[in-house]
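Asks:
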Amino acid sequence: MFSQTIKSQLIKQSVRRYTISSLESAGKTSTLAVKVHAGSRYADKDGLAHLLSRFNFQTTNDKSALRLVRESELLGGKLESTLDREFITLRATFLKENLPYYVDAIANVLYKTSFKPHELVESVAPAAGYDLAISQQNPITLAKEALYNSTYRTDLGKPLLFDGVEEITLDDIKEYANKVYTQENIEIEGFGINERDLQRLVSDSLINTLPKGSSLKVSETPKSFSGETRIRSQGTSVAAISIPVTKESIPEFEVLKAYLTSPVYELVDVIDTVSFEKFNNTHGLFSLYVKGSDASVVAKNIKEVVSSLKKGKDISIAKELAKVESELTNEKSILPENHEALKLDAVKNFKLGKFSYVALGDVSKLPYLDEL
Amino acid sequence: MLRTTTSSLMTRRSLATVAKTIPKVEVTELSNGITVASEYNPNAKTSSIGLVYSAGSSAENPYNNGVSNLWTNYFNHAGIQKEATKEGFLLSSNVSRENQSFTINTLPGNSQRALGFLQKNFISQLNSLESQGTTFNSIKQNTLKQLVNFEENNHKGRVMEHLHSTAFQNTPLALPTRGTIETVETLLPEDLTSFANEFYHSKNTTIVATGNTTHEELVKAIDTELSVATKSVSTPISKSTFLGSEVRLRDDTLPKAWISLAVEGESSKSPDYLVANVAANIFGSYVANEPRSRLQGIKLLDSIQEYHLCDSFNHFSLSYKDTGLWGFSTEISNVSGIDDMIHFTLKQWNRLSVSITETELERGKALLKLKLGQQNGLRARNAALLGTELIENGGLYLNTEEVFKKIDSISIKDIKNWAGKRVWDQDIAISGTGQIEDLLDYMRMRNDMSMMRW
Amino acid sequence: MPQSFTSIAKVGEYILKSPALSKICVPVAQQYVKFAGYRKLGLTYNDLIAEENPIVQTALKRLPEDESYARNYRIIRAHQSELTHHLLPKNEWIKAQDDVPYLLPYILEAEAEAIEKAELDNLEIVKK
Numbered sequence: 001m002f003s004q005t006i007k008s009q010l011i012k013q014s015v016r017r018y019t020i021s022s023l024e025s026a027g028k029t030s031t032l033a034v035k036v037h038a039g040s041r042y043a044d045k046d047g048l049a050h051l052l053s054r055f056n057f058q059t060t061n062d063k064s065a066l067r068l069v070r071e072s073e074l075l076g077g078k079l080e081s082t083l084d085r086e087f088i089t090l091r092a093t094f095l096k097e098n099l100p101y102y103v104d105a106i107a108n109v110l111y112k113t114s115f116k117p118h119e120l121v122e123s124v125a126p127a128a129g130y131d132l133a134i135s136q137q138n139p140i141t142l143a144k145e146a147l148y149n150s151t152y153r154t155d156l157g158k159p160l161l162f163d164g165v166e167e168i169t170l171d172d173i174k175e176y177a178n179k180v181y182t183q184e185n186i187e188i189e190g191f192g193i194n195e196r197d198l199q200r201l202v203s204d205s206l207i208n209t210l211p212k213g214s215s216l217k218v219s220e221t222p223k224s225f226s227g228e229t230r231i232r233s234q235g236t237s238v239a240a241i242s243i244p245v246t247k248e249s250i251p252e253f254e255v256l257k258a259y260l261t262s263p264v265y266e267l268v269d270v271i272d273t274v275s276f277e278k279f280n281n282t283h284g285l286f287s288l289y290v291k292g293s294d295a296s297v298v299a300k301n302i303k304e305v306v307s308s309l310k311k312g313k314d315i316s317i318a319k320e321l322a323k324v325e326s327e328l329t330n331e332k333s334i335l336p337e338n339h340e341a342l343k344l345d346a347v348k349n350f351k352l353g354k355f356s357y358v359a360l361g362d363v364s365k366l367p368y369l370d371e372l
Numbered sequence: 001m002l003r004t005t006t007s008s009l010m011t012r013r014s015l016a017t018v019a020k021t022i023p024k025v026e027v028t029e030l031s032n033g034i035t036v037a038s039e040y041n042p043n044a045k046t047s048s049i050g051l052v053y054s055a056g057s058s059a060e061n062p063y064n065n066g067v068s069n070l071w072t073n074y075f076n077h078a079g080i081q082k083e084a085t086k087e088g089f090l091l092s093s094n095v096s097r098e099n100q101s102f103t104i105n106t107l108p109g110n111s112q113r114a115l116g117f118l119q120k121n122f123i124s125q126l127n128s129l130e131s132q133g134t135t136f137n138s139i140k141q142n143t144l145k146q147l148v149n150f151e152e153n154n155h156k157g158r159v160m161e162h163l164h165s166t167a168f169q170n171t172p173l174a175l176p177t178r179g180t181i182e183t184v185e186t187l188l189p190e191d192l193t194s195f196a197n198e199f200y201h202s203k204n205t206t207i208v209a210t211g212n213t214t215h216e217e218l219v220k221a222i223d224t225e226l227s228v229a230t231k232s233v234s235t236p237i238s239k240s241t242f243l244g245s246e247v248r249l250r251d252d253t254l255p256k257a258w259i260s261l262a263v264e265g266e267s268s269k270s271p272d273y274l275v276a277n278v279a280a281n282i283f284g285s286y287v288a289n290e291p292r293s294r295l296q297g298i299k300l301l302d303s304i305q306e307y308h309l310c311d312s313f314n315h316f317s318l319s320y321k322d323t324g325l326w327g328f329s330t331e332i333s334n335v336s337g338i339d340d341m342i343h344f345t346l347k348q349w350n351r352l353s354v355s356i357t358e359t360e361l362e363r364g365k366a367l368l369k370l371k372l373g374q375q376n377g378l379r380a381r382n383a384a385l386l387g388t389e390l391i392e393n394g395g396l397y398l399n400t401e402e403v404f405k406k407i408d409s410i411s412i413k414d415i416k417n418w419a420g421k422r423v424w425d426q427d428i429a430i431s432g433t434g435q436i437e438d439l440l441d442y443m444r445m446r447n448d449m450s451m452m453r454w
Numbered sequence: 001m002p003q004s005f006t007s008i009a010k011v012g013e014y015i016l017k018s019p020a021l022s023k024i025c026v027p028v029a030q031q032y033v034k035f036a037g038y039r040k041l042g043l044t045y046n047d048l049i050a051e052e053n054p055i056v057q058t059a060l061k062r063l064p065e066d067e068s069y070a071r072n073y074r075i076i077r078a079h080q081s082e083l084t085h086h087l088l089p090k091n092e093w094i095k096a097q098d099d100v101p102y103l104l105p106y107i108l109e110a111e112a113e114a115i116e117k118a119e120l121d122n123l124e125i126v127k128k
């Protein structure tokens, strides 16, 4: 009664220039994600990537935004476009049998979005403003934004969201779309989709006629700095540090993250959030946040954490946990680069060296970088 | 159902029939009463293994309300977490109204160790809490901190808790899942122990595994590692019943209004379970700030958008053992339009019994299918979901294929019949917090549940 | 059913395409413009379209800023002329080549959207 066969295989294949990876499963729903190397780090103007991401699934030459939503909901599907520093991701989740419709829908967005002026004013800009308002309510997100900026300055250091500081016109957005939506710059991921079906449908779709361009993907570690940012604001105080990570030390920081979030680390209760974001599996940023309503307590806590990490720690105890955590995150993406096994054997001691620092909130009570 | 005996120790009730190659969901009942369930996926890179008890906050009483929540916090306390890190286990626990779960995420092939870990650090500790005074106090402090945070920040959740409290007043489902600050403060280690003795026995236990763990591996590991207390008679939980009523927590210092409103819904095993869910999805959910959400084909949106009557709404169909709730929650910043918001929504509910269209029905069905399909995909990472499905719905909705067929067969007539019975001119439960001065009195809203003519 | 802008625009196009019809209609239209006299008050034909409905409101909202200012200026100037019972000096009359349908494209787009929405709201599912 409950049994279903599960036939699942991981297939990686390059068709033309864009990459298609697909994982088949016995479930009844599928997810199709087109990842474009067009995140904020690639944007020529601050916030451009955000606006383009919000323009996805608006009216195209073939179909109005309204018709797309109405048709899609009758077929049982959901569309979204998300943004991070590396990717703009166009994602469709839908009932398995409707794959052709959604390949077409996404292809249409990449190829033929109309970029109507009134949509920018009536729909795109307010939605972008809402995203910004939400992110500014969260002190951790604000601190992270500042850490990226002081660590990398440009590239990964560019702001993620559109904040209106730099003026962006509709033509800027169109131009950026032409630059990033090219065959070389996209990667296609399918979950619960037969890879041959996907390949056939993609090669018959407009994705196959996307203009040729060049891959923008950055694989080398960007130049990093050790900086300090102080932001006065009301409410919660946050003190945070970040460390840029190179490819060789990715395993070490995976383990460090597991270590710092487990009670095996004596100061675990003091740390609010530990984050490790990787880019193209070749570099990343590790960050650690201490938060509280009383800035003097936050000051004391961040000093303790930093001095304990500077002394050096044997973190090898968290290796196994790091393996589980990284497998669980890897399941969410099947891009080939995420499938290198994590080499944790060499990980033993961690000693904090240079880092960037952010103080946010009641900064008069928070320490300076050179006091840590 | 097919019964075969595989060994003298256990009776197996195998539910896998169609394909022999890779059984997907397998359920076995052991002779001591434990249910063992697994969903094996050989391609998964991790396994999730856990323990689900079919007793949650509704098994508590007004005096020990919160014990389940304390137990789930016990599972996460520093001592156990430290052990788990060394083993490479990721722990999680959850309590809901009718069950609670304790699960471990781990790499494949560790089921024996994981169950051993559960036995050593949790099951065998159930009676020794009284000797761990400091641990108990730190867990209690943590729980209280979470409760304060919930009360101060999660207004939507708070309103839902109160909706249950008023709708099922004086019956088990009324108790808050997390307990309240007042009850948790009074709890002693003895309360937890006696709750465990009463409800954490083999008949209430389901051992679950999903991801890369075979059923055989799991059953074998249970045999060697686990010893769960047996009890001949389960403590009965009295029946919960719905009562139309309201509770208002007006607080004009909050920036918005949060309101939930519901009629009595379907119980988990009711034949109309899917009909109620389709009906909820016809009205679906809405977020004013998401452009695509504004374009949805929900007729209610035309009335709402012109005057920005709400920031978001979400229709739900919640089902429990004896009864359920069918209704919606909304968040409103335009607080002088609350009466309009409620009025237009209830007028739309009327249409369920009168003039719902084929297109709206198809839309509701498609969205429900998508939701169920996605949920079924989440189980590989979280075995507790398999346990709750089995405990609450008896596994009725595990086979997506069959469920989809059932959903497809729902007709307008089914919806109208169901709505005529459950929604049209029925009593409602209302709960609200924030600036709810404009929330009309009970009878005004109750009158909107039917129409004089149409 | 009241005439939609879309249907009116369609009829206009049809007439202009057919040489015979346009031979009759165009002079009539020119006489109409002359006797209506709106150009003498400094208005263009699109300024006369009744704006008290959601479709024209949407179109007006989407009008580029400079055109919107120009429109408002023309309307205020026309009001002032009416009030003082004067026509504008001849050199300020709107010339035929300046009487362009600046608003019509926006109206047509808004109307198309409204028609599409109505159609989708009343969609009927055909089961195969």
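Sequences listed follow chains A, B and C, in order. The first sequence maps to residues 1 to 372 in full-length UniProt numbering. The second sequence maps to residues 1 to 454 in full-length UniProt numbering. The third sequence maps to residues 1 to 128 in full-length UniProt numbering. Backbone N, C-alpha and C fix where the C-beta goes; we use that ideal spot for every residue, glycine too. Quick caveat, the model's predicted, so the values are computed rather than measured.
Does DSSP classify residue 250 (chain B) as helix, strand or coil?
Replies: strand
Asks: Please check if any C-beta of chain C sits within less than 9 Å of the C-beta of residue 2 (chain A).
Replies: Note that residue 2 (chain A) has pLDDT 35, beneath the 50 cutoff, so the model's placement of it is unreliable and no number is given.
Asks: Using the C-alpha atoms, what's the distance from residue 122 (chain C) back to residue 142 (chain B)?
Replies: Whole-angstrom Cα-Cα distance: 54 Å.
Asks: What residues in the stretch 351-381 of chain B bring their beta carbon closer than 7 Å to a beta carbon of chain C?
Replies: 358, 359, 362
Asks: Which of the three DSSP states, helix, strand or coil, is assigned to residue 52 (chain C)?
Replies: coil
Asks: Short check: CB of residue 33 (chain A) to CB of residue 207 (chain A), under 9 Å?
Replies: no
Asks: Considering just the uninterrupted stretch of the alpha helix (DSSP H) at residue 344 (chain B), what are its terminal residues?
Replies: 338-354
Asks: Identify every residue that forms a DSSP beta bridge with residue 38 (chain B).
Replies: B:26, B:209
Asks: Pull up the distance between the alpha-carbon of residue 29 (chain C) and that of residue 84 (chain C), whole angstroms please.
Replies: 28 Å
Asks: Taking C-beta pairs closer than 9 Å, name the residues in chain C that residue 297 (chain B) reaches, listed in chain order.
Replies: 120, 121, 123
Asks: In three-state terms, what does DSSP make of residue 21 (chain B)?
Replies: In this prediction, residue 21 (chain B) scores a pLDDT of 36, lower than 50, which makes its location untrustworthy; the coordinate-derived value is nonetheless stated afterwards. Residue 21 (chain B): coil per DSSP, three-state reduction.
Asks: Are the stretch 409-417 of chain B and the stretch 151-168 of chain B in contact at 8 Å, needing three or more beta carbon pairs?
Replies: no
Asks: Ignore the nearest five residues each way along the sequence and tell me which others in residue 51 (chain A)'s own chain have a CB closer than 7 Å to its CB.
Replies: 124, 128, 162, 168, 173
Asks: According to a CB-to-CB cut-off of less than 9 Å, which residues of the stretch 300-332 of chain A neighbour chain B?
Replies: 317, 318, 319, 320, 321, 322, 323, 324, 325, 327, 328, 330, 331
Asks: Taking all protein chains shown into account, do 16 or more other C-beta atoms lie within 10 angstroms of the C-beta of residue 6 (chain B), making it buried, or fewer, making it exposed?
Replies: Unreliable placement is indicated for residue 6 (chain B), whose pLDDT of 29 sits below 50; the coordinate value is still reported in the next sentence. Classification of residue 6 (chain B): exposed, given that the 10 Å Cβ count is below 16.
Asks: Excluding the 5 residues preceding and the 5 following residue 21 (chain B) in the sequence, name in chain order all residues of the same chain whose CB lies nearer than 8 Å to its CB.
Replies: With a pLDDT of 36 at residue 21 (chain B), under the threshold of 50, the modelled position of this residue cannot be trusted, and the question is left open.
Asks: Quick one: what does DSSP say residue 290 (chain B) is sitting in, helix, strand or coil?
Replies: coil
Asks: Run down chain B in chain order and give the residues with a C-beta less than 8 Å from the C-beta of residue 210 (chain A).
Replies: Result: empty, since nearest Cβ-Cβ is about 23 Å, beyond 8 Å.
Asks: Looking only at its chain, what residues have a beta carbon closer than 6 Å to the beta carbon of residue 191 (chain B), apart from the 5 residues adjacent to it on each side?
Replies: Cβ within range, chain order: 64, 67.
Asks: Short check: CB of residue 150 (chain A) to CB of residue 229 (chain A), under 9 Å?
Replies: yes
Asks: For residue 305 (chain B), decide whether its Cβ has a neighbour in chain A, counting only Cβ atoms nearer than 9 Å.
Replies: By this cut-off, residue 305 (chain B) is not an interface position.
Asks: Return helix, strand or coil for residue 55 (chain A), following the three-state DSSP convention.
Replies: The answer is helix: DSSP assigns residue 55 (chain A) an H, G or I state.
Asks: Nearest CA to the CA of residue 41 (chain B): which residue from B:109, B:203, B:80, B:250?
Replies: Nearest C-alpha to residue 41 (chain B): B:109.
Asks: Would you call residue 171 (chain A) buried or exposed, if buried means 16 or more other Cβ atoms sit within 10 Å of its Cβ?
Replies: exposed
Asks: To which residues does DSSP link residue 187 (chain A) through a beta bridge?
Replies: BP columns for residue 187 (chain A) point to A:19, A:35.
Asks: What residues are listed by DSSP as bridge partners for residue 201 (chain A)?
Replies: Note: residue 201 (chain A) sits in no beta bridge, so no partner.
Asks: How far does the beta strand (DSSP E) with residue 324 (chain B) in it reach, from first residue to last?
Replies: In the DSSP annotation of this structure, the continuous segment of the beta strand (DSSP E) that includes residue 324 (chain B) starts and ends at 324-332.
Asks: Within 9 Å of any Cβ in chain A, is that where the Cβ of residue 271 (chain B) sits?
Replies: At a cut-off of 9 Å between beta-carbon atoms, residue 271 (chain B) makes no contact with chain A.
Asks: Give the range of the alpha helix (DSSP H) segment to which residue 75 (chain C) is assigned.
Replies: 65-83
Asks: Return the first residue and the last residue of the alpha helix (DSSP H) that residue 363 (chain B) is part of.
Replies: 358-378
Asks: Whose Cβ in chain A lies nearer than 9 Å to the Cβ of residue 71 (chain C)?
Replies: Ordered by position in chain A, no residue passes the 9 Å Cβ test against residue 71 (chain C), which lies about 17 Å from the chain.
Asks: Any idea what DSSP makes of residue 100 (chain B), helix, strand or coil?
Replies: strand
Asks: Could you tell me whether the Cβ of residue 121 (chain A) comes closer than 9 Å to any Cβ of chain C?
Replies: yes
Asks: Quick check for students: name the residue ranges of the alpha helix (DSSP H) that lie wholly in the stretch 400-435 of chain B, counting only runs of 4 or more.
Replies: 400-408, 412-422
Asks: Starting from the C-beta of residue 358 (chain A), find all residues in its chain whose C-beta is less than 6 Å away, skip the five residues before and the five after it, and write them out in chain order.
Replies: Around residue 358 (chain A): 143, 146, 147, 229, 240.
Asks: Sort out for me which residues DSSP pairs residue 357 (chain A) with in a bridge.
Replies: A:228, A:241
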